[in-house]
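Structure, as structure tokens:
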Amino acid sequence: MDAKDILLGLPKPTTTPTPHGHQLLPLPADKKSRPPKESQRKPDGISREVYALTGGLAPLMPSVDVNHLKRRAQSENEKITWQWLPFTSSARKDNLQLYHWVRVVNGVPPSGDYSFAKYNKSVDVIKYTDDEYEKHLTDPMWTKEETDELFDLCERFDLRFIVIADRFPTSRTVEELKSRYYSVCRAILIARAPAPGDIAGHPLVKDAYNISQDVERKRALSMVLSQTKQQERRDAEVLAEAKRISEARKAAKGTDELEVPAMTDTVPDDNDGAAAAVDSLSPSPNAQFTSGAIAPPVSEIASTLASLRMMRVYLRTHALEQMVQAASSSAGLRTIKRVEQTLQDLGVNLKPKVPTKAVCAEHLELRKEILTLLNLQKQLQYKEAEGSSYRDGLYAETPGTPPKRVQRAVEQDRTFVPDSFSFGGERMGKRDQKRKAPGRLLEGPPSPAQSKRPRKFKASDG
Amino acid sequence: MPQSSSSSKKHGTDQPDIGGPASKSQRTKMVKSSDDTEKKNLAKKLKELEISVPIVYGNIAFWLGKKASEYQSHKWTVYVRGGTNEDISVVVKRVVFQLHSSFNNPTRVVDGPPFELSESGWGEFEIVITLHFHNDVCEKPLHLYHHLKLYPEDDSGPMSTKKPVVVESYDEIVFTEPSEGFFSRVQNHPAVVVPRLPAGFALPPPVPLEDADKRRRGDTKDHTLSQWFSNFSEADELLKLAAARQQVQAHIATLRRQLSLIDGQHQQLKSASDMSKIGGRCSSSTGKVAFTSETGE
Numbered sequence: 001m002d003a004k005d006i007l008l009g010l011p012k013p014t015t016t017p018t019p020h021g022h023q024l025l026p027l028p029a030d031k032k033s034r035p036p037k038e039s040q041r042k043p044d045g046i047s048r049e050v051y052a053l054t055g056g057l058a059p060l061m062p063s064v065d066v067n068h069l070k071r072r073a074q075s076e077n078e079k080i081t082w083q084w085l086p087f088t089s090s091a092r093k094d095n096l097q098l099y100h101w102v103r104v105v106n107g108v109p110p111s112g113d114y115s116f117a118k119y120n121k122s123v124d125v126i127k128y129t130d131d132e133y134e135k136h137l138t139d140p141m142w143t144k145e146e147t148d149e150l151f152d153l154c155e156r157f158d159l160r161f162i163v164i165a166d167r168f169p170t171s172r173t174v175e176e177l178k179s180r181y182y183s184v185c186r187a188i189l190i191a192r193a194p195a196p197g198d199i200a201g202h203p204l205v206k207d208a209y210n211i212s213q214d215v216e217r218k219r220a221l222s223m224v225l226s227q228t229k230q231q232e233r234r235d236a237e238v239l240a241e242a243k244r245i246s247e248a249r250k251a252a253k254g255t256d257e258l259e260v261p262a263m264t265d266t267v268p269d270d271n272d273g274a275a276a277a278v279d280s281l282s283p284s285p286n287a288q289f290t291s292g293a294i295a296p297p298v299s300e301i302a303s304t305l306a307s308l309r310m311m312r313v314y315l316r317t318h319a320l321e322q323m324v325q326a327a328s329s330s331a332g333l334r335t336i337k338r339v340e341q342t343l344q345d346l347g348v349n350l351k352p353k354v355p356t357k358a359v360c361a362e363h364l365e366l367r368k369e370i371l372t373l374l375n376l377q378k379q380l381q382y383k384e385a386e387g388s389s390y391r392d393g394l395y396a397e398t399p400g401t402p403p404k405r406v407q408r409a410v411e412q413d414r415t416f417v418p419d420s421f422s423f424g425g426e427r428m429g430k431r432d433q434k435r436k437a438p439g440r441l442l443e444g445p446p447s448p449a450q451s452k453r454p455r456k457f458k459a460s461d462g
Numbered sequence: 001m002p003q004s005s006s007s008s009k010k011h012g013t014d015q016p017d018i019g020g021p022a023s024k025s026q027r028t029k030m031v032k033s034s035d036d037t038e039k040k041n042l043a044k045k046l047k048e049l050e051i052s053v054p055i056v057y058g059n060i061a062f063w064l065g066k067k068a069s070e071y072q073s074h075k076w077t078v079y080v081r082g083g084t085n086e087d088i089s090v091v092v093k094r095v096v097f098q099l100h101s102s103f104n105n106p107t108r109v110v111d112g113p114p115f116e117l118s119e120s121g122w123g124e125f126e127i128v129i130t131l132h133f134h135n136d137v138c139e140k141p142l143h144l145y146h147h148l149k150l151y152p153e154d155d156s157g158p159m160s161t162k163k164p165v166v167v168e169s170y171d172e173i174v175f176t177e178p179s180e181g182f183f184s185r186v187q188n189h190p191a192v193v194v195p196r197l198p199a200g201f202a203l204p205p206p207v208p209l210e211d212a213d214k215r216r217r218g219d220t221k222d223h224t225l226s227q228w229f230s231n232f233s234e235a236d237e238l239l240k241l242a243a244a245r246q247q248v249q250a251h252i253a254t255l256r257r258q259l260s261l262i263d264g265q266h267q268q269l270k271s272a273s274d275m276s277k278i279g280g281r282c283s284s285s286t287g288k289v290a291f292t293s294e295t296g297e
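Quick note, the sequences are listed as chains Z and V, same order.
Residue numbering for the first sequence is 1 to 462, as defined by full-length UniProt numbering.
Residue numbering for the second sequence is 1 to 297, as defined by full-length UniProt numbering.
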């Protein structure tokens with residue numbers, strides 16, 4: 001006796017496997033044959049076909065634990081049969097006798113209305129009397145017959161206007177039908193209401209149907225629907241462009257507003273295009289100021305002022321920071337460091353200790369003036385370099401007094417300033433001594449880079 | 001007010017007033033019609049104005065001395081006060097102090113003046129102070145950042161429990177485009193710097209909402225710690241700035257002089273070299289001439 005035998009019992013000769021898998025053979029009364037028959041019968045809880053998916057009866061252990069399968073509720077207590085029975089539905093107004101399969105429990109068919117009858121909803125279409133029609137609903141475009149017909153159709157087809165339009169005897173568009181229907185309903189509503197305030201909140205009264213709007217809307221929708229891909233792309237482009245222009249225009253308008261008081265010269269307040277406004281902004285500052293380095297910060301400052309105003313609330317120290325940044329926007333890091341060094345030398349705090357409006361304004365002006373100063377110093381150096389270079393060239397034989405005088409005067413003026421004010425000027429002397437020979441610009445054409453090197457030339461050379 | 005005058009006319013007797021009842025009604029009519037344009041102009045003016053509130057924020061820290069423990073070595077107070085110790089609650093609705101996360105409930109909300117918070121601890125950290133303003137003032141909050149200082153800068157001997165470490169920063173809150181309500185509410189308040197409206201414009205003074213007593217309590221003039229408050233005077237800084245500017249301007253003038261001088265020199269040299277070019281001097285000079293003409297401009 002092996003496990004199989006224990007589980008299945010000794011197979012009886014009568015229980016032969018058939019092409020259909022296994023077959024339910026009538027259970028004989030003797031107990032010996034029952035166990036194998038049981039196991040060969042389909043297990044309870046799942047249908048035979050489903051079980052067959054597992055490959056028929058499992059020879060050893062059932063792969064599906066029968067207890068885990070859902071048991072149909074009360075399938076043992078009751079007798080379930082299915083019967084082909086007639087039924088009525090409250091949704092039907094006629095006496096049509098229909099039949100369907102019904103699940104009968106213990107011989108008792110189910111009671112109650114047809115389960116789908118509850119979905120038979122319809123619209124309460126207003127019914128007006130002739131009197132009411134005469135009084136409130138007459139319309140030059142509509143006859144009474146038409147209106148009656150319309151309402152009848154509305155009733156029949158539950159306000160499905162597309163269908164109603166189809167069925168309408170005279171050709172009217174959907175929008176016309178809707179307009180007539182809603183205006184009639186609205187008039188009736190207002191006429192029947194005891195007081196106008198009662199129905200003031202009714203959607204029909206508040207937002208009446210607007211036929212032209214509806215027509216337009218549908219037209220627009222159909223246009224959008226029928227747009228070709230090309231048109232779509234073009235529309236998107238145009239919209240993006242428009243957005244960009246309006247934003248630029250807004251920004252330019254903000255700066256324009258502040259530019260006008262700031263600059264006495266004409267900044268044409270043309271709002272034709274943002275580009276035009278911005279363009280007019282940049283050349284004019286250049287025309288105004290002699291030193292080119294000051295020009296760009298003007299627009300920076302203006303836009304900073306605009307953005308500060310937008311903020312509605314800010315700290316004055318923050319504002320000062322922004323303005324300082326804007327004012328030094330054209331300056332490199334080295335220049336900024338120089339400005340700060342200068343401030344320190346002058347005994348001024350880099351960030352004011354008492355940042356009142358006046359103090360901040362003075363501080364900003366001071367910084368701007370220092371920038372101007374540094375620019376001028378740079379210019380002076382360049383000019384001197386130029387001068388010294390061709391002075392040396394021309395007057396090589398005659399180290400004449402005039403050039404020297406100029407240079408010495410220049411140097412004297414410079415020593416007027418405290419030593420620490422320099423940033424390369426005074427130290428020129430030391431560096432020059434390290435240089436080997438005055439081999440200057442005789443070699444090649446002078447370039448701006450080269451003209452920088454003359455800084456190392458001692459002023460009183462030659 | 002135009003309104004009141006017209007109503008008085010209705011109720012009152014025909015008093016032989018300054019202008020007489022007839023002209024009064026005329027005046028009323030005139031004012032009413034120009035009211036709109038006046039309102040528009042006022043609104044425009046208000047748009048250009050800014051209201052500023054000077055504030056001082058910082059901390060005062062006392063060493064606890066004998067009572068100090070490892071985790072509670074100092075007792076400190078962080079605060080925001082008016083620049084001249086006036087009551088800023090006319091503008092500030094509440095202040096939120098965000099402390100280090102190691103504190104219990106690190107978000108401390110202070111709903112009325114004095115806007116301060118006292119704690120004890122041992123560590124220095126950044127406190128974010130958020131100012132929330134009244135609805136008619138501004139809807140956006142403003143953030144201040146203060147580094148809590150407990151230990152003195154210099155190790156000048158033993159710490160004293162009597163002399164605290166004080167770090168204060170002065171700043172000003174600037175409100176652009178103030179609303180009419182805000183403007184009229186604060187136009188006479190000592191804590192607020194309100195620019196004068198140009199001649200011809202005026203806002204009616206608001207009905208005082210709180211009694212003077214309540215208002216006084218909000219200022220910090222008699223605060224327990226007021227003896228440690230620093231005095232911030234703009235006069236010193238202004239003087240220094242003015243002096244610095246003068247120096248710089250003088251220097252700029254000098255440089256400009258020099259530049260024009262040199263330009264003149266260069267012109268001379270340029271013309272000289274031109275002449276020499278004509279005269280045909282040494283070969284190097286031609287090179288020089290090329291140079292000058294290039295850079296001579």
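In this text, a Cβ means the ideal position worked out from N, Cα and C, and glycines have one as well.
Non-local beta-carbon contacts of residue 120 of chain V in its own chain, meaning distances under 6 Å to residues more than five positions away in sequence, involve 72 and 75 in chain order.
In the DSSP assignment, residue 61 of chain V falls within the beta strand (DSSP E) that extends over 50 to 63.
The Cβ atoms of residue 148 of chain V and residue 125 of chain V lie closer than 8 Å to each other.
For residue 341 of chain Z, the closest of Z/142, Z/374 and Z/318 by C-alpha to C-alpha distance is Z/374. For residue 108 of chain V, the secondary structure class from DSSP, reduced to helix, strand or coil, is strand. Distance from the CA of residue 52 of chain Z to the CA of residue 119 of chain Z, rounded to the nearest whole angstrom, comes to 40 Å.
Here residue 228 of chain V has 60, 164 and 166 as same chain residues with Cβ atoms under 7 Å from its own Cβ, once five neighbours each way along the sequence are excluded. With at least 16 other beta carbons inside 10 angstroms of its own, residue 175 of chain V counts as buried. For residue 206 of chain Z, the enclosing alpha helix (DSSP H) covers residues 203 to 206. Residues of the segment 342 to 364 of chain Z whose Cβ lies closer than 7 Å to any Cβ of chain V, in chain order: 346, 347, 348, 352, 353, 354, 355, 356, 357, 358, 359, 362 and 363. Within the UniProt domain "Myb-like" (138 to 187) of chain Z, contact with chain V at the beta-carbon level (separation under 9 Å) is assigned to no residue. Residue 151 of chain V counts as exposed, since fewer than 16 other beta carbons sit within 10 angstroms of its beta carbon. Separation of residue 243 of chain V and residue 82 of chain V (C-alpha to C-alpha, rounded to the nearest whole angstrom) is 29 Å. For residue 227 of chain V, there is no enclosing alpha helix (DSSP H), as DSSP marks it with neither H nor E.
Counting of Cβ neighbours within 10 angstroms places residue 245 of chain V among the buried residues, the total reaching 16 or more. Nearest Cα to residue 161 of chain V within the set V/65, V/115 and V/109: V/65. Residue contact with chain Z for residue 256 of chain V: present (Cβ-Cβ distance below 8 Å to some residue of chain Z).
For the C-beta of residue 253 of chain Z, not a single chain V residue is nearer than 7 Å; the gap to the nearest is close to 14 Å. Taking residue 170 of chain V as the centre and dropping the five residues before and after it, the same chain places the C-beta of 56 and 232 closer than 6 Å to its C-beta, in chain order. Residue environment analysis places residue 116 of chain Z among the exposed positions, since fewer than 16 neighbouring C-beta atoms fall within 10 angstroms of its C-beta. According to the DSSP assignment, residue 228 of chain Z belongs to no alpha helix (DSSP H), since it is labelled neither H nor E.
Around the beta-carbon of residue 107 of chain V, fewer than 16 other beta-carbon atoms lie within 10 Å, marking it exposed. Per DSSP, the unbroken alpha helix (DSSP H) holding residue 183 of chain Z starts and ends at 174 to 192. Remark: C-beta atoms of residue 266 of chain V and residue 387 of chain Z approach each other more closely than 8 Å. With contacts defined as CB atoms closer than 8 Å, residue 91 of chain V and residue 137 of chain V qualify as a contacting pair. DSSP places residue 249 of chain V within a helical segment (H, G or I) once states are collapsed to three. By the Cβ rule, the segment 203 to 211 of chain Z does not count as touching the segment 145 to 164 of chain Z, because fewer than three pairs are nearer than 8 Å. DSSP, read as helix, strand or coil, puts residue 378 of chain Z in helix.
Listed along chain Z are 383, 386, 387 and 390, each with a C-beta nearer than 9 Å to that of residue 266 of chain V. Here the C-alpha atom of residue 360 of chain Z lies approximately 20 Å from the C-alpha atom of residue 331 of chain Z. For residue 127 of chain V, there is no enclosing alpha helix (DSSP H); the enclosing beta strand (DSSP E) covers residues 126 to 133. V/192 is the residue among V/192, V/146 and V/99 whose C-alpha sits nearest the C-alpha of residue 89 of chain V. Here residue 381 of chain Z is buried, its C-beta having at least 16 other C-beta atoms within 10 Å. In the displayed model, residue 173 of chain V falls within a strand according to three-state DSSP.
Here residue 159 of chain V is buried. Its C-beta has 16 or more other C-beta atoms within 10 Å. Under the Cβ criterion of 8 Å, residue 242 of chain V is counted among the residues facing chain Z.
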